[in-house]
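Heads up: take any position in the sequence shown, counting from 1, add 445, and you land on my numbering.
Presented below is the structure to which this report refers.
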Amino acid sequence: MADLFPIGTGADASSDPDQQLSARLDQAKRAGRPLRIKLGIDPTGSDIHLGHSLLFRKLRAFQDAGHTAVLIIGDFTARIGDPTGKSATRVQLSAAQVDVNAETYLVQLGMGQAPAHSLLDFETPGRLEVRRNSEWLTALDLPQVIELLSISTVSQMLAKEDFSNRYGSGAPISLHEFLYPLLQGYDSVHVQADLELGGTDQKFNVAIGRDLQRHFGQRPQFGMLLPILPGLDGVQKMSKSLGNTVGLAEDPLSMYSKLEKVSDSVVDDYLILLTDLDLASLPHNPRERQKLMALEVTRARHGAAAADAAQLDAAKLVSGVAGSSAAAAEVLEASLAAVNFPARAFYLLSAVGLCASSSEARRQIQGGGVKLDGEKLTDPNQEFAGPEALAGKVLQLGKKTFRRLVAG
446 MADLFPIGTG
456 ADASSDPDQQ
466 LSARLDQAKR
476 AGRPLRIKLG
486 IDPTGSDIHL
496 GHSLLFRKLR
506 AFQDAGHTAV
516 LIIGDFTARI
526 GDPTGKSATR
536 VQLSAAQVDV
546 NAETYLVQLG
556 MGQAPAHSLL
566 DFETPGRLEV
576 RRNSEWLTAL
586 DLPQVIELLS
596 ISTVSQMLAK
606 EDFSNRYGSG
616 APISLHEFLY
626 PLLQGYDSVH
636 VQADLELGGT
646 DQKFNVAIGR
656 DLQRHFGQRP
666 QFGMLLPILP
676 GLDGVQKMSK
686 SLGNTVGLAE
696 DPLSMYSKLE
706 KVSDSVVDDY
716 LILLTDLDLA
726 SLPHNPRERQ
736 KLMALEVTRA
746 RHGAAAADAA
756 QLDAAKLVSG
766 VAGSSAAAAE
776 VLEASLAAVN
786 FPARAFYLLS
796 AVGLCASSSE
806 ARRQIQGGGV
816 KLDGEKLTDP
826 NQEFAGPEAL
836 AGKVLQLGKK
846 TFRRLVAG
């Protein structure tokens, strides 16, 4: 499921280690040297979702095979923002924002956890280098920046689809945006990458890294491009801005409940990209495949016991027995402390943060999308006298969002 380039051509391609990754792997094995596998991430937000995890799963596979993962935290490049997939110039982040985001990323990837329970292996010596590209990019002087700019041309930059579309539509392109792929490529030079991982939308940036390595007299890296995971809607790519994500930091019940409702059209994509299950051995019934996928992905993140409990709790919540202590114990809590009683149902939803506004809460209730302990709320004006009438009950919005109401 990965695209690998360069693809060897000609009679000598099968044995040329600069044309075939297998040949370079063999060469590294004979030399007793692990390959350096680069993956760069820009901490432009605080959450990593399952769409990102494809790359980390592959990086972990290289670690487990004895190679060195070079995880680059783009704390400098994040201040520019990757223009890939964007129709306008990105808002530049402050250094403080990026630093906070970077720490949360590392925690979600498993920093401080045993390798058996983390996405990446942070403990085995020689298996991971975590670098921040501000280490070398802030030290570049103007002559060095000019040298980087001289390696590429305006026509090359405009060949990048995102720039081409914006230029053709008259949307502005700031000059600093042309620097992004060059700076990301320079990361490959600095860490002497043998291979860079990226999504299929990163081919341009990875290829720039190869060009820069050649310019600076290094052996060009390979690019391994992985598919883009569809979002929960089954249509667009998984993206927080589109609201179709499953976050790595989500609790087991929320994760399982979201995955259990993923579009039928992408269930097999999720099985292939997020699990190690053999599709041929799975049941043909679409609903059973859906539930098995949700369970397996949740197990990989939270462990078998938590995933099994989440599956059971999700069934209880949907069937209307959410009031049981076993089910409610696994649901995220929402405090009633800020609610002014007596409270009507529409106000309650907005007060505990399930809806952005009272008008939205009204629409959700009138549309039949709200349940309290498995019973559908039908009247937005239904009144609750005090917290004692609600404490301990589970409020459900749609099929995926559950909150256990607590008095304090």
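Ideal placement from N, C-alpha and C gives every residue a C-beta, glycine not left out.
- Under the three-state reduction of DSSP output, residue 496 falls in the helix class.
- Taking the CA atoms as reference points, residue 541 sits about 34 Å from residue 744.
- As a beta-bridge residue in DSSP terms, residue 841 pairs with 816, 847.
- Collapsing the DSSP output to three states places residue 760 in a helix.
- In this model, residue 670 and residue 500 are separated by some 9 Å (Cα to Cα).
- Within the model, the alpha-carbon separation for residue 520 versus residue 710 is close to 37 Å.
- Residue 481 and residue 780 have their C-alpha atoms spaced approximately 48 Å apart.
- Annotation: residue 555 is outside any beta strand (DSSP E) and is labelled neither H nor E by DSSP.
- Between the segment 598 to 611 and the segment 665 to 680 there are fewer than three C-beta pairs closer than 8 Å, too few to call the two in contact.
- Sixteen is the threshold: since fewer than 16 other Cβ atoms of the shown chains lie within 10 Å of the Cβ of residue 610, the residue is exposed.
- Minimum Cα-Cα distance from residue 740 among the listed residues 646, 680, 754 corresponds to 754.
- Per DSSP, residue 515 lies in no alpha helix (DSSP H) segment; the continuous beta strand (DSSP E) that holds it begins and ends at 513 to 518.
- DSSP places residue 545 in the helix class (H, G or I) of the three-state scheme.
- With a threshold of 16 other beta carbon atoms within 10 Å, residue 509 falls short and is exposed.
- DSSP places residue 575 in the strand class (E or B) of the three-state scheme.
- Counting every other CB atom within 10 Å of its CB across the protein chains shown gives residue 583 a total below 16, marking it as exposed.
- Annotation for residue 654: the continuous alpha helix (DSSP H) segment containing it runs 648 to 660.
- DSSP places residue 475 within a helical segment (H, G or I) once states are collapsed to three.
- Judged by beta-carbon spacing, residue 547 lies beyond the 8 Å limit of residue 525, meaning their Cβ atoms are not closer than that value.
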